[in-house]
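Visitor: Just dropping this structure here.
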Amino acid sequence: MLHAIEDTCVVYLLVDEQTRSAVAIDAGSGRWMDRLASYGVNRVTDVLVTHHHRDQVEGLPRLAASGTRIWVPEGEYGLIAEVSHHWQQRRVANNYDLHTDRFSLLESVPVAGVMKDYSVTRVGHLDVRTLPTPGHTPGSVSYLIDGYAFTGDLLHSPGKVWSAAALQWSYVGLEGAATTMASLVQLLDHQPRVLMPSHGSPMTDPALAVRKTCDALDSLIQTRLGSPSGLLDKLEHPYVELSPHLLMNRTSESRSYVLLSDSGTALLIDYGYDLTSGVAFGSGRHNLRPWLPSLRALQRDYGIERIEVAVPTHYHDDHVAAFNLMRDVHGTEVWASSPVAHVLENPTRYDLPCLWFEPIPCAQHVPNGSSIRWREYELDLHALPGHTLYASAIGFEADGRRVLATGDQQTGTWVPGESPEIPNFQYANAFAAGDYAASAALYQRLQPSLMISGHWEPRVVTPAYLEELSRLGDEVARVHRELFLPDDPVFTGAVRITPYRIDAVDGQPFPVRVSCTGVELVVPAGWECQQVSGSEFLVVPHVTAPVRQARIAAGITRDGRYLGQLAEALVDVRTTR
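All residue numbers for the sequence shown refer to UniProt numbering, where the first residue is 1 and numbers rise by one.
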């Protein structure tokens with residue numbers, strides 16, 4: 001039995017008439033709990049949250065107190081179970097982040113678990129398929145149960161959406177509007193019989209509702225931005241054929257590449273944020289949502305039955321964010337060069353930009369300078385420092401061409417007399433002045449015929465282009481030698497504390513290592529610190545309440561001169577009380 005309860009949102013109760021227990025879709029204010037008996041319900045065993053907005057979740061504390069298990073979208077866990085912390089760190093003054101993550105609970109609520117995208121989960125007496133449907137929020141999901149799609153606030157009614165402000169994630173964009181269109185079209189792939197919105201009435205003609213809403217949203221985008229979004233065309237035709245067995249995903253950020261095997265399987269080179277509607281970075285995990293929309297075309301147009309392997313050029317999130325999701329949904333293995341694999345598997349050890357939030361397990365650690373075989377292809381991995389120390393060029397032959405994937409190393413934009421080649425170095429990624437001369441020498445040795453990159457068009461390689469890269473590499477080295485001090489310990493990253501982010505327990509020691517000697521480790525007042533060797537320490541935290549990001553620092557003395565605290569690490573401390 002299904003009840004639709006009008007509250008701050010429509011709360012749906014799916015009742016098991018034998019046990020008189022129910023599963024709720026969203027919580028609303030929770031005041032409907034006073035009338036449970038009138039719905040033939042003794043207790044609510046579980047509540048499934050479609051998104052974090054207060055009109056959906058205000059009643060969660062009451063449900064939690066009654067023993068109801070709370071299940072939330074994986075990407076919005078931090079806005080429910082850890083929302084108190086979110087409120088402490090959310091920037092408000094001079095704010096350009098228009099995500100609606102302040103329309104959230106006032107205090108954290110414990111949850112039973114997360115609903116993973118594309119999964120089928122037994123919840124109470126129901127089998128629930130969780131579908132990623134970003135739009136109203138980046139982390140929104142819809143739940144498909146027995147032909148009913150509980151869509152949250154993805155749409156209100158045919159041609160209508162519930163909130164205008166929620167569609168504008170960045171100051172000048174309409175990212176949510178375009179993403180809503182893509183979510184609606186993909187929802188139809190699952191052939192729901194009825195759409196059940198959080199605000200509005202059930203829609204028994206899903207195709208009509210989706211068409212009218214997409215048309216209205218596209219008109220909005222064209223009116224505000226001056227042109228149609230083009231996102232639905234990208235959804236239907238995400239790939240550009242570079243050759244019969246090599247595809248480029250034109251919809252993703254960064255660009256991802258697909259190597260097709262005649263066995264009906266595929267290998268991905270990089271895979272971060274698929275089908276992006278624009279860059280709308282915010283302050284939290286909930287704003288960064290990997291999903292897999294382009295894969296529907298891979299199966300439809302190329303007959304690919306399975307994506308077996310994903311290989312990253314480097315560790316940055318826009319190249320690897322979807323790897324764990326691919327593993328969970330498709331059983332995809334990650335193969336990475338040994339240096340890149342270590343960063344992916346141990347992100348808290350490193351103080352680097354653009355690290356994905358969780359470890360990414362790697363099935364194969366491939367030494368740079370060696371090869372690994374996948375199906376009919378031989379992949380050669382080569383160290384490629386420059387954009388980041390933790391990067392590899394991936395070489396292979398496809399359809400008679402020698403291809404080299406170079407990640408974000410350089411732009412490939414050089415046209416003599418018209419546009420320059422840009423070396424894409426970032427100091428915080430770990431950079432050395434000679435990196436680009438080294439990569440130019442690598443390219444000269446490998447002599448690829450095609451270079452593919454993360455953010456620029458594929459580059460047909462000519463001798464003149466390789467010469468330009470050699471000239472540019474020498475110029476990068478010269479500029480840095482002339483401008484910077486060779487022994488600048490901050491610039492070179494010579495001083496580091498490892499791990500950089502530490503999860504500790506009150507009263508229990510944890511080890512740290514500093515990358516040089518002559519160290520005085522500075523810890524918070526009341527903590528203990530024992531030097532085990534010249535660069536190794538044991539630290540014992542003492543706190544009266546949980547602490548986030550307590551600071552420790554390495555004060556460095558070199559040749560009798562104190563240089564100051566040149567590196568820090570951050571410690572989260574849990575209590576056992």
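All residues carry an ideal CB built from backbone N, CA and C; glycine is no exception. These figures come from a predicted structure and were not determined experimentally.
Distance check for ALA391 and HIS319, CA to CA, integer angstroms please.
Guide: Their backbone Cα atoms lie some 11 Å apart in a straight line.
Visitor: Taking buried to mean at least 16 other C-beta atoms within 10 Å of its own C-beta, is ARG551 buried or exposed?
Guide: That one is exposed.
Visitor: Please go through the same chain and pick out, in chain order, the residues whose beta-carbon is closer than 8 Å to the beta-carbon of ALA430, but skip the five residues on each side of it.
Guide: So the qualifying residues of the chain are LEU352, PRO385, THR388, LEU389, TYR390, GLY493.
Visitor: Find out if the Cβ-Cβ distance for the pair ARG496, SER515 is shorter than 8 Å.
Guide: Yes; because the gap between Cβ atoms is below 8 Å, this pair is in contact.
Visitor: Could you tell me if ALA383 is buried or exposed, where buried requires 16 or more neighbouring beta carbons within 10 angstroms of its beta carbon?
Guide: Burial call: buried.
Visitor: Can you tell me where the beta strand (DSSP E) holding ASP317 begins and where it ends?
Guide: Unbroken run through ASP317 is the alpha helix (DSSP H), 317-320; no beta strand (DSSP E).
Visitor: Buried or exposed: THR575, going by 16 or more other Cβ atoms within 10 Å of its Cβ?
Guide: Result: exposed.
Visitor: As a quick exercise: from THR276, VAL329, PHE323, GLU421, pick the residue whose alpha carbon is nearest that of GLU345.
Guide: Checked all of THR276, VAL329, PHE323, GLU421; the closest Cα to GLU345 is PHE323.
Visitor: Quick one: grab the DSSP three-state call for ASP328.
Guide: ASP328: helix per DSSP, three-state reduction.
Visitor: Here's a check: name, in chain order, each residue in its chain whose Cβ is nearer than 6 Å to the Cβ of PHE357, leaving out the five neighbours to either side.
Guide: Taken in chain order, the residues that qualify are ARG285.
Visitor: Given 8 Å as the limit, is there contact between the region 419-428 and the region 330-346, that is, 3 or more CB pairs closer than that?
Guide: Short answer: they don't touch.
Visitor: Where do the ends of the beta strand (DSSP E) carrying ILE70 lie?
Guide: From DSSP, the beta strand (DSSP E) with ILE70 extends over 69-73.
Visitor: So what's LEU60 in DSSP terms, helix, strand or just coil?
Guide: Note: LEU60 maps to helix in three-state DSSP.
Visitor: Which of the three DSSP states is assigned to VAL490 in this structure?
Guide: Its pLDDT being 46, under 50, VAL490 is placed unreliably by the model, and nothing is read from it.
Visitor: Roughly how many angstroms separate the alpha carbons of ASP97 and SER533, rounded to a whole number?
Guide: So the two alpha carbons sit approximately 46 Å from each other.
Visitor: Which value, in whole angstroms, describes the spacing of the CA atoms of VAL11 and ILE80?
Guide: The alpha-carbon atoms of VAL11 and ILE80 are separated by roughly 18 Å.
Visitor: Keeping to the same chain, check which residues put their C-beta closer than 6 Å to that of PRO228; ignore five residues upstream and five downstream.
Guide: The residues are ASP218, GLN222.
Visitor: What did DSSP end up calling MET1 once you bin it into helix, strand or coil?
Guide: Here MET1 sits in coil by DSSP.
Visitor: Which value, in whole angstroms, describes the spacing of the CA atoms of LEU570 and ALA432?
Guide: In a straight line, the C-alpha of LEU570 is about 26 Å away from that of ALA432.
Visitor: Do you know whose CA, among SER142, ALA22, LEU381, GLN565, lies nearest SER119's CA?
Guide: Checking every option, the nearest Cα to that of SER119 belongs to SER142.
Visitor: Per DSSP, what are the beta-bridge partners of ARG401 in this structure?
Guide: BP columns for ARG401 point to ALA398.
Visitor: Go ahead and pull the three-state DSSP assignment for CYS529.
Guide: Strand at CYS529.
Visitor: Which partner residues of MET196 appear in the DSSP bridge assignment?
Guide: The partner list for MET196 (beta bridge, DSSP) reads PHE150.
Visitor: Do you know how far the Cα of LEU188 is from the Cα of LEU246?
Guide: If I take the Cα positions, the gap works out to 29 Å.
Visitor: Could you pull the start and end residues of the beta strand (DSSP E) that ALA24 belongs to?
Guide: Run containing ALA24: 21-25, per the beta strand (DSSP E) assignment.
Visitor: DSSP three-state label for ILE422, please.
Guide: Correct three-state label for ILE422: coil.
Visitor: Can you give me the Cβ contacts of SER261 inside the same chain, cut-off strictly under 7 Å, excluding the 5 residues immediately before and after it?
Guide: Cβ within range, chain order: ARG375, GLU376.
Visitor: Can you say whether GLU528 is buried or exposed, counting buried as having 16 or more other CB atoms within 10 angstroms of its CB?
Guide: GLU528 should be labelled exposed.
Visitor: Using DSSP bridges, identify the partner residues of MET451.
Guide: In DSSP, MET451 forms a bridge with LEU404, ARG459.
Visitor: So what does DSSP say about ASP7, is it helix, strand or coil?
Guide: Here ASP7 sits in coil by DSSP.
Visitor: Taking a contact to mean a Cβ-Cβ separation below 8 Å, would you say SER198 touches ASP153 in this structure?
Guide: Cβ atoms of SER198 and ASP153: closer than 8 Å.
Visitor: For PRO367, which residues from the same chain have a beta carbon less than 8 Å from its beta carbon, with the 5 sequence-adjacent residues on both sides left out?
Guide: For PRO367, where only same-chain residues beyond five positions count, the Cβ hits under 8 Å are SER337, SER338, LEU381.
Visitor: CB GLU58 to CB SER84, shorter than 8 Å?
Guide: It is not a contact, given that the beta carbons lie outside the stated cut-off.
Visitor: Bridge partners for ASN249 per DSSP, in chain order?
Guide: DSSP, once it has assigned bridges, lists TYR239, SER256 as partnering ASN249.
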